[in-house]
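So in UniProt numbering the end of the sequence shown lands on 718, straight run, no missing numbers.
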Amino acid sequence: KLHSDLDKGVGTVKYTLSGDGAGTVFTIDETTGDIHAIRSLDREEKPFYTLRAQAVDVDTKKPLEPESEFIIKVQDINDNEPKFLDGPYVASVPEMSPVGAYVLQVKATDADDPTYGNSARVVYSILQGQPYFSIDPKTGVIRTALPNMDREVKEQYQVLIQAKDMGGQLGGLAGTTTVNITLTDVNDNPPRFPKSIFHLKVPESSHVGSAIGRIRAVDPDFGKNAEIEYNIVPGDGGNLFDITTDENTQEGVIKLKKPLDFETKKAYTFKVEASNLHLDHRFHSVGPFKDTATVKINVLDMDEPPVFSKPMYTMEVYEDTPVGTIIGAVTAQDLDAGSSSVRYFIDWKNDVDSYFTIDATEGTIATNELLDRESTAQYNFSIIASKVSNPLLTSKVNVIINVLDVNEFPPEISVPYETSVCENAKPGQVIQTVTAADKDLSPAGQRFSFRLSAEASNKPNFTVHDYRNNTAGIETRRNGYSRRQQELYFLPVVIEDSSYPVQSSTNTMTIRVCRCDSDGTILSCNVEAIFLPVGLSTGALIAILLCIVILLVIVVLYVALRRQKKKDTLMTSKEDIRDNVIHYDDEGGGEEDTQAFDIGALRNPKVIEDNKIRRDIKPDSLRFPRQRPPVEDNTDIRDFINQRLQENDVDPTAPPYDSLATYAYEGNGSVAESLSSIDSLTTEADQDYDYLSDWGPRFKILADMFGEEESYNPDKVT
């Protein structure tokens, strides 16, 4: 109820309400100020509401007092039962657990106000599941209530749990949940055979390694606690059998280790032990976790194939044995009670089997063709034996026949030898060691002997020394050999074996004479090397030849240079235009011919520094070998030459070798003296060049040149 001090009760004041739930949850009487709830309240939905109220003048609509705020709190009542939010529960506990073993803790939630009264105070209890389990009323912890609960007796338990508020008092609300509890297995039970004796029947034809029966021990435990290991107890008959565990069925699988024979033994008895693989030490006091049973096996008689007396037959026969010779026999018999007759035949697979035959009744093997050890040393084939009463029952055995050797081949030198002997060899020197080989199969202890043939024994060149170990040495018998006298020696060596009959062969060895150094190292064995000088090595001979070739090249070059020098002395190069003055083989048109050469080329327009003196060598007076009558001077030529000579003497740029002295001076000591006619008192027309022919072949070209010029054009300028 709201009331304002300004309210006189005459209806001039109006009350208003605003805030949480105003108009929807709560309403107010505008005249009296009474507040009413217009619907049910739920504390768990909204525990309190905040509202605002105000008094307003009815006429002016103005607030008479400031707005006031107040809270309406919803008071709790016990209207919610406890709930198990995580239920239903699943739990497990090992079997045989002691009393009070922890199983699980459950928890219930009550939505009521825990701070007001006992509406939210929960108490737990078991409605179903006693006397096996108990629960703590306050904490909700479930524990075992009975000892030694056995999983093999009962495995699953369903427990109904109740949670009640108001501290469990009368009138409180309650909620329930289910807890499914499973007893987990422990190895508390040993394996047990359902019976003490197992009977098995096994055919004698069963194969080794095959399963012939199964036995099983029962273990009520589960999983790995029920895994069983089977073992055969050592004793009578147990060594023929073995037992393993089938991991899927935990059965003991009995297997055959050795073949059975009804005629030898008809029954076997042995014991089998079954035990757990994983033991729990808490239950050792219960007793041994294993059990034993007896297994009796009866062998069944079967119609079996014949059995050979040996697993394999080995025989021997000499090669070239006559056809039809018996070399051995195989034997097979029927071990069954009926004892049927046996027939033999060869298992034909290829043409090799046709070399032998077998007697179908007796089993004797004979040759069918002539045998050659060098062609085939061993034969391998199979013999089949079948019962007459049941031909489908057969057995097979392998037969190996070794062909023995008959000494029919003589021994020979094993490999071709390239034997050589030094020219400076000494007597008794071993030059070759030889070995022999025999195509026959040499038996143990066979020896080869070596010797010279009869015709070679009388020759004093070589001998054979038998070392008595199937080898021999070729030794020299003389001091030194000469390739010039004989390059090759042929030595016949006789080799014999020790078999019967004795076989021998004569092998001719070729021995080549070679040149060696003092240490015995071979230097040359070639035929052409015989004719080389004695004492010179190949390297020395090559060096001598190279020296000869070099000397020949030097001589040829020297001669070529001399000949070239002579040509340059007689004829100057055509490229130097100033040599036209003494170019003897240039035939001109005379004094009137100005087209033969450019006379201006002899003039030097760059002559300067006339006072510079050339350091030319003045040639000595030349002497002719014989006197000639004086002739008239050629004044034109002399004047021209003197003019040019003077110009060149004062020319500082002209080289010294360009002087006239270079062309007019031949040199001291010349037999022919000067050949120039410049300083001669006679003219060229008056000179006689016949004396050039008397100077020998080296002046023949010059003599022919001037002789032809003189006869052709006597007015030619030289």
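Even glycine gets a Cβ: it sits at the ideal position worked out from N, Cα and C.
Beta bridge counterpart(s) of residue i as assigned by DSSP
| i | result |
| --- | --- |
| P63 | V56 |
| T364 | A329 |
| N276 | I228 |
| P492 | T508 |
| G473 | T433 and H465 |
| T245 | G252 |
| K396 | I384 |
| M315 | I401 |
| F48 | K73 |
| K83 | T109 |
| R451 | V494 |
DSSP three-state assignment for residue i, whether helix, strand or coil
| i | result |
| --- | --- |
| S354 | helix |
| C525 | coil |
| N180 | strand |
| F706 | helix |
| K565 | helix |
| P203 | strand |
| F624 | Legend: pLDDT at F624 = 43, less than 50; position of this residue unreliable, value from coordinates given subsequently. If DSSP states are grouped into helix, strand and coil, F624 belongs with coil. |
| L17 | strand |
| L551 | helix |
| S457 | helix |
| A293 | strand |
| Q646 | helix |
| V299 | strand |
| H36 | strand |
| S309 | coil |
| F198 | strand |
| R698 | helix |
| I72 | strand |
| V10 | coil |
| D219 | coil |
| T538 | helix |
| V513 | strand |
| G238 | helix |
| S693 | helix |
| V502 | coil |
| V406 | coil |
| V323 | coil |
| F262 | coil |
| E374 | coil |
| V342 | strand |
| R483 | coil |
Assigned exposure category for residue i - 16 Cβ within 10 Å defines buried
| i | result |
| --- | --- |
| M509 | buried |
| D59 | exposed |
| Q162 | buried |
| N187 | buried |
| R373 | buried |
| V399 | buried |
| N189 | buried |
| L2 | buried |
| T176 | buried |
| T144 | buried |
| D576 | Low per-residue confidence applies at D576: pLDDT is 46, beneath 50, and the placement is therefore not dependable enough to give any value. |
| C514 | buried |
| F706 | buried |
| P82 | buried |
| L104 | buried |
| S382 | exposed |
| T376 | exposed |
| C547 | exposed |
| P410 | buried |
| L256 | buried |
| K387 | buried |
| I474 | buried |
Assumed close pair residue i, residue j - CB separation to whole angstroms, cut-off 8 Å
| i | j | result |
| --- | --- | --- |
| V253 | D261 | Not a contact, Cβ separation roughly 23 Å. |
| K258 | V208 | 6 Å |
| D7 | A55 | 7 Å |
| G324 | T367 | 7 Å |
| A274 | Y230 | 5 Å |
| M315 | I401 | 5 Å |
| I511 | F462 | 7 Å |
Any non-hydrogen atom of the ligand NAP within 8 Å of residue i CB
| i | result |
| --- | --- |
| Q162 | Although the ligand NAP was asked about, the structure shown includes no ligands whatsoever. |
| task | Please specify which runs of the beta strand (DSSP E), each continuous and at least 3 residues long, are wholly inside the UniProt domain "Cadherin" (85 to 193), giving them in chain order. | result | Segments of the beta strand (DSSP E) lying fully in the UniProt domain "Cadherin" (85 to 193): 89 to 94, 102 to 105, 123 to 128, 133 to 135, 141 to 144, 156 to 164 and 174 to 184.
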